[in-house]
Amino acid sequence: MPNSLEPHPVAAQARQAAEDAARTAGVTVVDEHDLEKQRDIDALLVQIWGTSPQGSPVPFDILRAISHAGCNITAAYRPDGTLCGAAVAIVTPGSTATYSLIAGVAPGTGDRGVGFALKQHQRAWSLERGIDTMTWTFDPLVSRNARFNLAKLGAHVSEYTRNFYGLMEDEINAGDESDRLTAVWPLATRTAVDCSEGRPRAVELPDLADAAVLGTGPDGEPHLLGHGETLWVRAPRDIVSLRAQDPALASAWRMALRNVLEPAFASGRVADGVTRTGWYRLSPTLVENTVAAAQGLVTHA
129 MPNSLEPHPV AAQARQAAED AARTAGVTVV DEHDLEKQRD IDALLVQIWG
179 TSPQGSPVPF DILRAISHAG CNITAAYRPD GTLCGAAVAI VTPGSTATYS
229 LIAGVAPGTG DRGVGFALKQ HQRAWSLERG IDTMTWTFDP LVSRNARFNL
279 AKLGAHVSEY TRNFYGLMED EINAGDESDR LTAVWPLATR TAVDCSEGRP
329 RAVELPDLAD AAVLGTGPDG EPHLLGHGET LWVRAPRDIV SLRAQDPALA
379 SAWRMALRNV LEPAFASGRV ADGVTRTGWY RLSPTLVENT VAAAQGLVTH
429 A
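In this note's numbering, the protein residues as written are 129 to 429.
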């Protein structure tokens with residue numbers, strides 16, 4: 129095991145929330161150590177992301193090494209035993225943070241809660257090992273993922289990295305640059321507990337009549353708004369389809385978000401929510417309860 133810390137006080141709440149999420153999604157979520165089933169995970173990741181010149185997103189031999197090192201490989205199975213989702217996370221010895229390498233669900237499985245169940249399992253796995261933070265990167269243009277990460281899970285972002293992986297040639301990224309946001313998910317805050325129990329962050333775009341339009345997007349519609357001390361910036365609704373249909377327009381959206389998010393984070397702002405229509409909320413500071421479980425959150429266990 130790569131971590132010898134004592135379980136976090138909120139670990140029991142996390143485990144119950146993970147079990148509830150799996151039950152709601154109609155799946156069984158487990159730590160997967162079996163060799164052949166890890167081959168199935170490799171195949172599923174290829175099914176989701178396609179392949180690049182380097183091959184699978186996380187090849188089978190890497191999965192085996194991660195498993196052998198005592199890190200996390202999570203798998204979700206339907207009642208008939210079919211693999212329908214997987215997530216992989218690593219942690220270094222003595223660390224209090226887990227790094228999630230990849231998480232995805234089988235095509236046609238979206239909106240069934242499987243992805244949420246995978247992440248709640250990872251949360252419980254981490255807290256049971258005394259790890260209270262998880263980080264990962266994601267594409268700022270994929271607004272659906274951004275909302276899941278920031279509103280439904282309770283993560284936040286204050287770091288933007290240009291071309292994190294270099295040019296990506298898998299089927300989803302379609303040759304686009306790989307700008308990434310770094311999600312930071314505090315696993316034991318009041319926000320994390322509320323989200324795990326089905327109470328996501330409330331993120332509502334202000335009435336446009338009450339907001340100042342500070343910029344327009346590549347589609348000519350309002351893209352950047354100011355409302356009080358808060359900024360709001362819009363991502364496209366479906367960047368994956370847009371990349372296939374109009375790569376030049378997709379690249380224009382990349383630059384539009386880059387030109388807002390980089391300076392916003394440099395000035396100390398934090399992205400702490402995304403609306404259903406793809407608007408990031410950029411708050412002056414992160415406002416939430418970050419008190420650890422030992423100071424009250426264990427009442428949810």
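All C-beta atoms, glycine included, are put in the ideal place defined by N, C-alpha and C.
Bear in mind the structure is a predicted one, so any value in this text is a computation, not a measurement.
Taken atom to atom, the span from the alpha-carbon of K280 to that of D159 is near 23 Å. Short of 8 Å from the beta carbon of R192, and not among the five residues preceding or following it, lie these beta carbons of its own chain, in chain order: L163 and Q166. Shown here, E147 sits in a helix according to DSSP, grouped into three states.
For L385, the CB contacts under 7 Å within the same chain, skipping 5 residues up- and downstream, are P268, L269, V361 and A363 in chain order. Going by C-alpha positions, A150 is about 15 Å away from D208. Taking C-beta atoms as the reference points, G213 and A225 fail to come closer than 8 Å. Taking a contact as a CB-CB distance under 8 Å, the pair T358 and W313 does not count as one, their CB atoms being some 22 Å apart.
A Cβ-Cβ separation of about 7 Å places R275 in contact with R404 under the 8 Å criterion. Counting C-beta pairs with one atom in each stretch, the region 245 to 259 and the region 142 to 156 have three or more that are closer than 8 Å, which means they touch. V155 is not a Cβ neighbour of A316, given a cutoff of 8 Å. CA-to-CA, the gap between A283 and S411 works out to about 14 Å. The continuous beta strand (DSSP E) containing P314 extends over residues R308 to P314. Nearest to R371 by C-alpha distance, out of T152, S306 and G183, is S306. Annotation for A204: the continuous beta strand (DSSP E) segment containing it runs N200 to Y205.
Under the three-state reduction of DSSP output, G241 falls in the coil class, being neither helix nor strand. Around F188, the same chain offers Q166, R167 and D170 as residues with beta carbons nearer than 7 Å, after the five sequence neighbours per side are excluded.
DSSP, read as helix, strand or coil, puts A340 in strand.
In this chain, the beta strand (DSSP E) harbouring L410 covers W407 to S411. In the structure shown, S369 falls within a helical segment according to DSSP collapsed to helix, strand and coil. About 5 Å separates the beta carbon of Y288 from that of E390, a gap short enough to meet the 8 Å contact definition. In the structure shown, V174 falls within a helical segment according to DSSP collapsed to helix, strand and coil. Nearest in C-alpha terms to I201, of all of R327, A378, A252 and V331, is A252. When DSSP states are grouped into helix, strand and coil, T152 belongs to the helix group.
Excluding residues up to 5 positions away in sequence, L352 and V361 lie with their Cβ nearer than 7 Å to the Cβ of V388 in the same chain.
Between A380 and R257, the alpha-carbon positions lie close to 43 Å from each other. For P350, the enclosing beta strand (DSSP E) covers residues P350 to H355. Residue range R318 to S324 is occupied by the alpha helix (DSSP H) that includes D322. Under DSSP, G213 takes part in a beta bridge, and its partners are A204 and V233.
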